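Q: Here the sequence shown is numbered in our numbering, starting from 7 and rising by one per residue. For each residue, glycine too, the CB sits at the ideal point set by N, CA and C. Predicted model, so just to flag it, every value in this text is computed and none were measured.
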Amino acid sequence: FLFSSFSRVVLPCSVQEYQVGQLYSVAEASKNETGGGEGIQVLKNEPYEQDGEKGQYTHKIYHLKSKVPGFVRMIAPEGSLVFHEKAWNAYPYCRTSESPPCNEYMKDDFFIKIETWHKPDLGTTENVHNLDPNTWKSVEVVHIDIADRTQVEPGDYKAEEDPALFQSVKTKRGPLGPNWKKELATDEECPKMCAYKLVTIKFKWWGLQNKVENFIQKQEKRIFTNFHRQLFCWIDKWIELTMEDIRRMEDETQKELEAVRKGRGPPQAGKEAFFSRVFPEHDL
7 FLFSSFSRVV
17 LPCSVQEYQV
27 GQLYSVAEAS
37 KNETGGGEGI
47 QVLKNEPYEQ
57 DGEKGQYTHK
67 IYHLKSKVPG
77 FVRMIAPEGS
87 LVFHEKAWNA
97 YPYCRTSESP
107 PCNEYMKDDF
117 FIKIETWHKP
127 DLGTTENVHN
137 LDPNTWKSVE
147 VVHIDIADRT
157 QVEPGDYKAE
167 EDPALFQSVK
177 TKRGPLGPNW
187 KKELATDEEC
197 PKMCAYKLVT
207 IKFKWWGLQN
217 KVENFIQKQE
227 KRIFTNFHRQ
237 LFCWIDKWIE
247 LTMEDIRRME
257 DETQKELEAV
267 RKGRGPPQAG
277 KEAFFSRVFP
287 EHDL
């Protein structure tokens, strides 16, 4: 059984700008999640070329024992909370797969796949992933509005990461009002784009399947919402960076993450950040 959802995230930036902003924000978020033997471990981050496709390949390991609800920790066998993520970033198309053997314990019974197209539109492209009609009909469509505070969990909210309050000094974009998407459609000077994210989940564990699949889908939406709110509000930090700057930053981040994860570096602030917020104790 596979469960799929399709999220659309409209942003006031160009597809080219987003490439830098996304990679910058991923690196920054990763730093907040690592320490004490847990968090994110980067095994590979290198160019790839396969079947005529060129891009950047990454292989990460997520050590999540301290990040999940206590209920899961109680029943999770040793090794079941370590996950492998492999990503092929052939921008503007990207695919991320926590696929077998993503987890040594569950093997073929668990995977998450995220496929993303980045398009210079306002979320108007239907079935951008070219799914067959029956599959497309069964997919849950989710519209994410980065300026809508009602889509943000109370414990996740930060005023400094609120696009409805933030205005960029360097680009003059923001704050985003209630009708910002309609205004963006008629604004010829401000760039626009949409990230189309297709999430497919398989979790086969008797008695927990539906509950966990729904939980993961909820958290994916939460991650997409929080991440893109951060990305926009951090625009002044990344808008002038080049891809060369980003690759250099990724190399430095990879070394820093490994040192901090093994306890050789200073603990990162933000225990409440990203994954800690993604897996609150009361959610499962």
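Where does H135 sit, in a helix, a strand or coil, going by DSSP?
A: coil
Q: Are the Cβ atoms of L263 and K92 separated by less than 9 Å?
A: no
Q: Are the beta-carbon atoms of Q47 and P53 separated by less than 9 Å?
A: no
Q: Mind pulling the alpha helix (DSSP H) runs of 4 or more residues that sit fully within the segment 209-239?
A: Within the segment 209-239, the complete alpha helix (DSSP H) segments at least 4 residues long are 215-239, listed from N- to C-terminus.
Q: Applying the 10 Å Cβ sphere with the 16-neighbour rule, what's the burial state of Y68?
A: buried
Q: Take T131 as the anchor and find which of K217, K208, Y202, A153 has the nearest alpha-carbon.
A: Y202
Q: Quick check on the burial criterion: 16 or more other C-beta atoms within 10 angstroms. Buried or exposed for R235?
A: R235 comes out buried.
Q: Count the other CB atoms within 10 Å of the CB of G173; is the residue buried (16 or more) or exposed (fewer)?
A: Checking the sequence shown, residue 173 turns out to be Gln, not Gly. Exposed, since its Cβ has fewer than 16 Cβ neighbours within 10 Å.
Q: I'd like to know if the segment 19-30 and the segment 240-260 are in contact, where contact means that at least 3 CB-CB pairs between them fall below 8 Å.
A: yes
Q: Return no unless some Cβ of chain B is closer than 9 Å to the Cβ of W212.
A: Absent here is chain B; the protein component of the structure consists of one chain.
Q: Rounding to the nearest angstrom, what Cα-Cα distance links Q274 and Q260 in this structure?
A: Note that Q274 scores a pLDDT of 44, beneath 50, so its modelled location is shaky; the value from the coordinates is reported in the next line. Distance between the alpha carbons of Q274 and Q260 is about 14 Å.
Q: In three-state DSSP terms, what is R155?
A: Here DSSP, grouped into helix, strand and coil, assigns R155 to helix.
Q: Is the CB-CB distance between I222 and S13 below 9 Å?
A: No; because the gap between Cβ atoms is not below 9 Å, this pair is not in contact.
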